[in-house]
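What follows is a set of notes on a single structure, which appears directly below.
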Amino acid sequence: MKNHSRPGRNRVTCKAFTAIAFSTVILQTLAQDSKRGFAYVGDAHEADNNLLTSSKTPLKWYYNWAPSPPSQVPSTNLEFAPLIHGLDEASSDSISQQLSNLPDSSTHLLAFNEPDGTTESGGSSISPEDAAKSYIDHIAPFRSENRKWKISHPSVTGSENGLEWLRKFNESCYDIDEKNGCPTDFVAAHWYGAFDGLASWLGTLDEFYNTNGSREGEERLKIWVTELALPQADAEATVQMMNLTLPYLDGLEYVERYAWFGAFREGDANEWTGDGVALFGDDGGLTELGALYMGGEQQGFIQGQKGEGQGAGNQLQVEWQLMLLLSLTALWFSNYW
Ligand SMILES: *[C@@H]1O[C@H](CO)[C@@H](O)[C@H](O)[C@H]1NC(C)=O
Ligand SMILES: *[C@@H]1O[C@H](CO)[C@@H](O)[C@H](O)[C@H]1NC(C)=O
Ligand SMILES: *[C@@H]1O[C@H](CO)[C@@H](O)[C@H](O)[C@H]1NC(C)=O
Numbered sequence: 001m002k003n004h005s006r007p008g009r010n011r012v013t014c015k016a017f018t019a020i021a022f023s024t025v026i027l028q029t030l031a032q033d034s035k036r037g038f039a040y041v042g043d044a045h046e047a048d049n050n051l052l053t054s055s056k057t058p059l060k061w062y063y064n065w066a067p068s069p070p071s072q073v074p075s076t077n078l079e080f081a082p083l084i085h086g087l088d089e090a091s092s093d094s095i096s097q098q099l100s101n102l103p104d105s106s107t108h109l110l111a112f113n114e115p116d117g118t119t120e121s122g123g124s125s126i127s128p129e130d131a132a133k134s135y136i137d138h139i140a141p142f143r144s145e146n147r148k149w150k151i152s153h154p155s156v157t158g159s160e161n162g163l164e165w166l167r168k169f170n171e172s173c174y175d176i177d178e179k180n181g182c183p184t185d186f187v188a189a190h191w192y193g194a195f196d197g198l199a200s201w202l203g204t205l206d207e208f209y210n211t212n213g214s215r216e217g218e219e220r221l222k223i224w225v226t227e228l229a230l231p232q233a234d235a236e237a238t239v240q241m242m243n244l245t246l247p248y249l250d251g252l253e254y255v256e257r258y259a260w261f262g263a264f265r266e267g268d269a270n271e272w273t274g275d276g277v278a279l280f281g282d283d284g285g286l287t288e289l290g291a292l293y294m295g296g297e298q299q300g301f302i303q304g305q306k307g308e309g310q311g312a313g314n315q316l317q318v319e320w321q322l323m324l325l326l327s328l329t330a331l332w333f334s335n336y337w
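Under the UniProt record's numbering, the first residue of the sequence shown is numbered 1, with each subsequent residue one higher.
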């Protein structure tokens with residue numbers, strides 16, 4: 001019996017190993033192709049950040065509206081995208097150094113955050129004329145530097161105002177440089193609203209740049225959706241919206257990257273978005289939305305799951321209780337032996 005069963009078991013083991021190796025390759029390929037990332041507002045909980053940076057997630061890139069990565073989230077296995085927020089940053093003496101300090105995996109540079117928006121709402125409130133001048137003087141030159149940064153046009157709010165701003169920006173660019181305007185390598189888009197509106201806004205931007213913009217013989221500009229959420233909705237509606245959005249963006253050829261807003265706990269959400277957009281609950285457990293964004297059960301993420309480290313909330317308590325129980329058991333045994 002023993003002799004007969006051993007080769008059989010080995011074959012099974014061998015097959016299992018092949019299967020595991022094979023699925024690992026498939027999973028890795030899937031992960032590498034992922035467009036998904038996160039907009040990092042500065043979640044101070046180590047446990048949340050450990051979950052966000054876990055290699056099991058489809059999250060492959062991130063940004064923080066700044067030229068340098070946040071110290072809480074080192075860009076070890078994630079691609080970091082720097083952002084030049086406004087005019088002062090663009091013309092600062094240190095910007096060039098900050099960008100050259102970034103790891104080689106950083107290749108795309110985002111320019112001017114919501115210039116058509118007010119500074120109170122996180123925008124940079126820049127006129128199209130001023131933005132065009134600064135873009136040509138300070139930002140476009142990074143394209144021809146050693147690193148050959150790929151640079152986006154300013155990311156406007158997802159609105160008619162945003163589109164109007166881009167039109168005027170383009171005009172100003174050609175007023176200054178008749179031949180080149182403001183050269184760009186990709187487009188950054190923001191969207192807060194329902195799924196239909198997102199699909200329509202991306203279509204509008206694609207039409208503006210790739211159909212109507214004179215780009216004969218040039219590559220179709222890809223879109224990075226760098227802010228994305230359904231604001232002021234309850235958990236169920238938000239999960240539904242995300243459930244429609246993820247496969248859509250994954251399949252849309254001209255979308256290269258996207259980032260949900262936001263990677264924070266419910267209590268840290270701003271008043272305008274409401275807390276339905278949060279990936280984490282107040283105890284640090286993933287919301288249903290958060291688990292879905294992290295790849296869901298397939299990737300091993302479920303609602304309520306917490307990361308390890310400081311700020312893990314209840315999980316720490318459980319671990320602490322377990323330690324106490326183990327110590328008491330040990331004590332009990334040592335007394336009886
Ligand atoms: C593209 O051009 C068409 C035809 O001129 C125009 O109707 C449409 O509004 C333009 N689209 C955008 C996004 O500017
Ligand atoms: C920008 O303006 C130039 C010059 O008028 C025009 O050829 C080009 O199509 C415009 N690009 C976009 C994206 O509107
Ligand atoms: C997402 O949609 C699919 C099919 O449309 C459905 O089977 C699944 O339950 C949905 N998931 C969530 C979390 O709503």
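Where a beta carbon is used, it is the ideal one built from N, C-alpha and C, also for glycine.
Source: prediction; values computed, not measured.
Can you tell me whether DSSP reads Q298 as helix, strand or coil?
For the purposes of this step, residue 298 is identified with residue 298 of the sequence shown, where counting begins at 1. Secondary structure at Q298: helix, using DSSP grouped into helix, strand and coil.
Kindly examine ligand 2 and report whether one of its heavy atoms sits closer than 6 Å to the Cβ of G162.
Sequence index remark: in the sequence shown, residue 162 carries index 162 (1-based). Incorrect: G162 has no Cβ contact closer than 6 Å to ligand 2.
How big is the Cα-Cα spacing for I126 and E297?
Working through the sequence shown from its first residue, we reach residue 126 at position 126. Working through the sequence shown from its first residue, we reach residue 297 at position 297. As the crow flies, the alpha-carbon of I126 is around 44 Å from that of E297.
Those residues, in chain order, that have a beta-carbon closer than 7 Å to some heavy atom of ligand 3:
Cβ-based neighbours of ligand 3 within the cut-off: V239, Q240, N243, E288 and L292.
Quick check for students: name the residue ranges of the beta strand (DSSP E) that lie wholly in the segment 109-161, counting only runs of 3 or more.
None, since the segment 109-161 contains no complete beta strand (DSSP E) of that length.
E178: buried (16+ other C-beta within 10 angstroms of its C-beta) or exposed?
Locating residue 178 in the sequence shown gives position 178, counting from the first residue. By the beta-carbon neighbour count (other beta carbons within 10 angstroms, threshold 16), E178 is exposed.
Using three-state DSSP, classify T329 as helix, strand or coil.
On the sequence shown, position 329 is the one that residue 329 refers to. Three-state result, T329: helix.
If P70 and A140 are in contact, beta carbons under 8 Å, what's the gap, nearest whole angstrom?
Start at 1 with the first residue of the sequence shown, and residue 70 comes out as number 70. Start at 1 with the first residue of the sequence shown, and residue 140 comes out as number 140. No, P70 and A140 are not in contact; Cβ-Cβ is about 27 Å, not under 8 Å.
Own chain residues within Cβ distance below 6 Å of residue 402, not counting five before or after
Residue 402 falls outside the range modelled here, since the chain spans only 1 to 337, and no answer is possible.
Which class does G309 belong to by DSSP, given the choice of helix, strand or coil?
Mapped onto the sequence shown, residue 309 falls at position 309. If DSSP states are grouped into helix, strand and coil, G309 belongs with coil.
Report the start-end ranges of each beta strand (DSSP E) in the segment 39-63 that is 3 residues or longer and not cut off at the edges.
Taking only runs of at least 3 residues, the beta strand (DSSP E) segments lying wholly in the segment 39-63 are 61-63.
Please go through the same chain and pick out, in chain order, the residues whose beta-carbon is closer than 6 Å to the beta-carbon of F80, but skip the five residues on each side of it.
Taking the first residue of the sequence shown as position 1, residue 80 is located at position 80. Its chain contains P69 and S106 as the residues whose beta carbon lies nearer than 6 Å to that of F80, once the 5 sequence neighbours on both sides are disregarded; these appear in chain order.
Exposed or buried, Y40, counting other C-beta atoms within 10 Å across all chains shown (16 or more means buried)?
As a first step, residue 40 must be located in the sequence shown, where it is residue number 40. It is buried - the Cβ of Y40 has at least 16 other Cβ atoms within 10 Å.
Step through the CB atoms of chain C and report whether any lies within less than 7 Å of the CB of R257.
The question asks about chain C, but that chain is absent: this structure has only one protein chain.
Cα-Cα, which of G274, S121 and D175 is closest to residue 344?
Outside the shown range of the chain, which is 1 to 337, sits residue 344, and nothing can be said about it.
Is the segment 82-98 close to the segment 42-55, with three or more CB pairs under 8 Å?
Verdict: no, contact absent.
Let me know if residue 339 comes out buried or exposed under the rule of 16 or more other beta-carbons within 10 Å of its beta-carbon.
Nothing can be reported for residue 339: it is not among the residues displayed for the chain, which extend from 1 to 337.
Given 8 Å, three or more beta-carbon pairs between the segment 193-208 and the segment 224-244
Contact check between the segment 193-208 and the segment 224-244: three or more CB pairs, one atom from each, fall below 8 Å, which counts as touching.
Buried versus exposed, by CB contacts within 10 Å (16 or more), N146
Residue mapping note: residue 146 aligns to position 146 of the sequence shown, counting from 1. Exposed, by the Cβ-count rule.
Can you name the residues that DSSP bridges to F186?
As a first step, residue 186 must be located in the sequence shown, where it is residue number 186. The partner list for F186 (beta bridge, DSSP) reads S152 and K222.
Is the Cβ-Cβ distance between N113 and S121 less than 7 Å?
Here residue 113 refers to the residue found at position 113 when the sequence shown is read from its first residue. Here residue 121 refers to the residue found at position 121 when the sequence shown is read from its first residue. No. Outside cutoff.
Mind checking S172: buried by the 16 CB within 10 Å criterion, or exposed?
Here residue 172 is taken as the residue at index 172 of the sequence shown, counted from 1. Under a 10 Å Cβ-count criterion, S172 is classified as buried, with 16 or more other Cβ atoms of the shown protein chains found around its own Cβ.
T118 to W201 span [Cα, whole Å]
As a working mapping, residue 118 is identified with position 118 in the sequence shown. As a working mapping, residue 201 is identified with position 201 in the sequence shown. Straight-line Cα distance between these residues: approximately 21 Å.
What number of angstroms, rounded off, separates the C-alpha of E160 from the C-alpha of R257?
The residue given as residue 160 occupies position 160 in the sequence shown. The residue given as residue 257 occupies position 257 in the sequence shown. If you take the alpha carbons of E160 and R257, they lie about 23 Å apart.
Reduced DSSP category for Y293 - H, G, I as helix; E, B as strand; rest coil:
Here residue 293 is taken as the residue at index 293 of the sequence shown, counted from 1. Of the three classes helix, strand and coil, the one that applies to Y293 here is helix, per DSSP.
Would the C-beta of T204 count as close to ligand 1, meaning under 6 Å from any of its heavy atoms?
As a first step, residue 204 is located in the sequence shown; it is residue number 204 there, counting from the start. Checking every heavy atom of ligand 1 against the Cβ of T204, one is found closer than 6 Å.
With a 10 Å radius around its C-beta and 16 neighbouring C-beta atoms as the bar for buried, classify T245 as buried or exposed.
In the sequence shown, residue 245 corresponds to position 245, counting from 1. T245 is buried by the Cβ-count criterion.
Less than 8 Å between the CB atoms is what I'm expecting for F169 and P154, so what's the real figure, rounded?
As a first step, residue 169 must be located in the sequence shown, where it is residue number 169. As a first step, residue 154 must be located in the sequence shown, where it is residue number 154. Confirmed, about 7 Å.
Which residue wins for smallest C-alpha separation from G267, given the options A278, L78, W191 and F261?
Position 267 of the sequence shown holds residue 267. It is A278.
Could you tell me which of W224, D88 and G217 sits nearest to H190, measuring between CA atoms?
Within the sequence shown, numbered from 1, the residue matching residue 190 stands at position 190. Looking at the Cα atoms, W224 is the closest of the given residues.
For the candidate residues E46, D33 and G217, whose alpha-carbon lies nearest to that of D283?
For this step, residue 283 is matched to residue 283 along the sequence shown. Selected option, being the one with the closest Cα: E46.
Are the Cβ atoms of W65 and G37 separated by less than 7 Å?
For this step, residue 65 is matched to residue 65 along the sequence shown. For this step, residue 37 is matched to residue 37 along the sequence shown. When the beta-carbon positions are compared, W65 and G37 stay at least 7 Å from each other.
Give me the Cα-Cα distance between Q98 and L83, rounded to the nearest whole angstrom.
As a first step, residue 98 is located in the sequence shown; it is residue number 98 there, counting from the start. As a first step, residue 83 is located in the sequence shown; it is residue number 83 there, counting from the start. Distance between the alpha carbons of Q98 and L83 is about 11 Å.
For T76, does the count of other Cβ atoms within 10 angstroms reach 16, so buried, or fall short, so exposed?
Working through the sequence shown from its first residue, we reach residue 76 at position 76. Under the 10 Å beta carbon count, T76 is surrounded by fewer than 16 other beta carbons and is classified as exposed.
Bridge partners of E227, per DSSP?
Within the sequence shown, the letter at position 227 stands for residue 227. DSSP lists H190 as partners of E227.
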